[in-house]
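Notes follow once the structure below has been shown.
In the working numbering, the protein residues as written are 272 to 800.
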């Protein structure tokens, strides 16, 4: 293969495709790297017609060292039926219904025998599945293929939709989440969570997010640069531009300012700011300097050459930290020079193998580490030079079994159950989400939404609920956090928050008052005696 992905002449030895890396150096010039991945294909006279023209094997750049290759076979319709990986472990594929759908995947059939099976409806959608732990899941859909229900062993998730096909509600074990939209478009106006409350959104006329309002009326505000085309960025929509983000102000009035380049990437970020008469007088400034071509102010690979953070106040600038990076021709970090206000501290140096896996780090502070991998990329040894090493072992599904003599156990789905090295034990639900962790005799439990994101954490008797904006945590609710916020609010804020947040704590407050009453009663009884 050429640098642009074009197919070139067959390689020697019968391989009909060879991919050689052609990369750019720091000057933008193509530089060959002798790391070759080779491919072979079944010929057009193979006895199995389904094999003809299909990929037969792949040899990566370490084939000369490992002697291992991926190998593939196919059925008469050209569907893959077997794959052998670089640890010589087989996975088989079965197409068992009348439509030719994939109905079973079996990893390591003669060993672990990890089997996943699926059934399909006439439209080709999965209607049920059984995972390697024999846990069944079923799915239903509406007439246009949108999911209506997902029935797991320990939870049922249901979906409803508006007349235009947008998701209206999602119901799970936590309750029902409701999504509303702006009139006349598909922009989300609010998301109402059954536990943490409603997060609502407003937008600029050009579509950029203007505000996010959290439960309790706390608001985040977004501002943007000029709408002049030269200051705009391409949008996800092909016929639209978007403005550059210039600042975000959170619900406590803390503002972060951004200077953004023509790609929409922040180049300078100001945080922890204080102002006098509208002028910034102290701040934390982080600057991102991209790698440039030699002799021209032109960004090449989008890699950072320097990342520096300084503190500015009336005493001037103090450099807190600076990292200066260099890279090899493929883009892997080669060195990292770490400095502070006193000058250079150390220069870290990194080494890689033929597959660009990190094999060594010299931290330039007296510590050096090296790493060894098996053909599948699992780390098998970590050595701290002059101090010793740790070996790692894995099962045929690449699950960690031992580290430095300490054992790990896993369920058939690949989730870690016990970690002897850390002294932890974990429990997982049927969707492979951690629901309990026991560490140092302390039990932590977790709950999740239908989207799989964590919604709450309970440690001992203290529960924290998370407020989400998409996949980002933007707020936390717990009794202690709520009382702290309550103490800092003005009366209108307190009144609004009571009806949106505090009312949910009434049963807990009553229980605490009851316990306090019992304690006082017992104390008085002892006092009388």
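The beta-carbon is built from N, C-alpha and C at its ideal position, and this holds for glycine as well.
For residue 343 and residue 357, believed in contact at Cβ under 8 angstroms, the rounded distance: The pair is not a contact, with the Cβ atoms about 13 angstroms apart (cut-off 8 angstroms).
Beta-carbon proximity check, residue 448 vs residue 463, cutoff 8 angstroms: One thing to note: residue 448 has its Cβ within 8 angstroms of the Cβ of residue 463.
N- and C-terminal bounds of the alpha helix (DSSP H) containing residue 334: That run of the alpha helix (DSSP H) goes 334-337.
As assigned by DSSP and simplified to three states, the class of residue 395: DSSP, reduced to helix, strand and coil, places residue 395 outside both helices and strands of the structure shown, so it counts as coil.
Contacts around residue 707, its chain only, beta-carbon distance under 8 angstroms, and the 5 residues preceding and following it disregarded: Correct list, in chain order: 697, 698, 714, 715, 716 and 717.
Nearest neighbour of residue 645, chosen from 725, 626, 583 and 694 [CA to CA]: Taking only the C-alpha atoms, the option nearest residue 645 is 626.
Own chain residues within Cβ distance below 6 angstroms of residue 439, not counting five before or after: Once the five neighbours on either side are set aside, the close Cβ partners of residue 439 are 431, 432 and 433.
CB contact flag (residue 355, residue 341, <8 angstroms): In this structure, residue 341 lies closer than 8 angstroms to residue 355 by Cβ.
Inter-stretch contact at 8 angstroms, needing at least 3 Cβ pairs: the stretch 469-483 / the stretch 732-749: Three or more Cβ pairs closer than 8 angstroms define a contact, and the stretch 469-483 meets that threshold against the stretch 732-749.
Assigned secondary structure, residue 573 (DSSP; H/G/I helix, E/B strand, else coil): The answer is strand: DSSP assigns residue 573 an E or B state.
For residue 697, the residue or residues it bridges with in DSSP: BP columns for residue 697 point to 708.
Entirely enclosed beta strand (DSSP E) segments - the stretch 499-548, minimum 3 residues: Whole beta strand (DSSP E) segments, 3+ residues: 503-505, 512-514, 516-520, 526-531 and 537-547.
Contact under 8 angstroms by Cβ, residue 370 with residue 391: In terms of Cβ geometry, residue 370 and residue 391 form a close pair [threshold 8 angstroms].
Contacts around residue 705, its chain only, beta-carbon distance under 7 angstroms, and the 5 residues preceding and following it disregarded: Correct list, in chain order: 697, 699 and 717.
Beta-carbon spacing of residue 632, residue 585 below 8 angstroms: No, the pair does not count as a contact, with Cβ atoms beyond the cut-off.
Residue 674: first and last residue of the uninterrupted beta strand (DSSP E) it sits in: Residue 674 -> beta strand (DSSP E) spans 671-674.
As assigned by DSSP and simplified to three states, the class of residue 739: Note: residue 739 maps to strand in three-state DSSP.
Proximity of residue 605 and residue 576 at Cβ, strictly below 8 angstroms: Not closer than 8 angstroms, so no.
Nearest-angstrom Cα separation, counted from residue 400 out to residue 729: About 31 angstroms.
Sub-8 angstroms separation of residue 544 and residue 515 beta-carbons: No, Cβ-Cβ distance for residue 544 and residue 515 is not below 8 angstroms.
Sequence-distant residues of its chain with Cβ nearer than 6 angstroms to residue 442 (five each side left out): Around residue 442: 429.
Candidates 407, 588 and 670: closest to residue 379 by CA position: When only C-alpha atoms are compared, the closest one is 670.
Residue(s) in a DSSP beta bridge with residue 656: Its beta-bridge partners do not exist; DSSP assigns none.
Euclidean distance between Cα positions of residue 603 and residue 629: Using only the alpha carbons, I get a separation of about 9 angstroms.
Among 385, 620 and 408, the one whose alpha carbon lies nearest that of residue 607: The option with the nearest alpha carbon to residue 607 is 620.
Cβ neighbour criterion (16 or more within 10 Å) applied to residue 385: Buried: at least 16 other Cβ atoms inside 10 Å.
Residue 746 in three-state terms, based on DSSP: Of the three classes helix, strand and coil, the one that applies to residue 746 here is strand, per DSSP.
Supposed contact pair residue 396 and residue 412 - C-beta distance, whole angstroms, cut 8 angstroms: Between residue 412 and residue 396 the beta-carbon gap is near 6 angstroms, inside 8 angstroms, which marks them as a contact.
Which of helix, strand or coil DSSP assigns to residue 614: If DSSP states are grouped into helix, strand and coil, residue 614 belongs with the strands.
As assigned by DSSP and simplified to three states, the class of residue 724: Residue 724 falls in the coil class under three-state DSSP.
Same chain, Cβ closer than 7 angstroms to residue 406, five either side skipped, listed in chain order: Excluding residues up to 5 positions away in sequence, 424 and 701 lie with their Cβ nearer than 7 angstroms to the Cβ of residue 406 in the same chain.
Secondary structure of residue 446, DSSP reduced to three states: In the structure shown, residue 446 falls within a strand segment according to DSSP collapsed to helix, strand and coil.
First and last residue of the uninterrupted beta strand (DSSP E) at residue 480: Counting along the chain, the beta strand (DSSP E) containing residue 480 begins and ends at 480-484.
Proximity to residue 486 [Cα-Cα], best of 784, 788, 747 and 785: For residue 486, the closest alpha carbon among the candidates 784, 788, 747 and 785 is that of 747.
Cut-off 6 angstroms between Cβ atoms - residues of its own chain near residue 768, not counting five sequence neighbours on either side: Reliability fails at residue 768, whose pLDDT of 48 lies under 50, so the model's placement of it is uncertain and the value that follows must be treated cautiously. These residues qualify, in order along the chain: 487.
Beta-carbon spacing of residue 353, residue 366 below 8 angstroms: Cβ atoms of residue 353 and residue 366: not closer than 8 angstroms.
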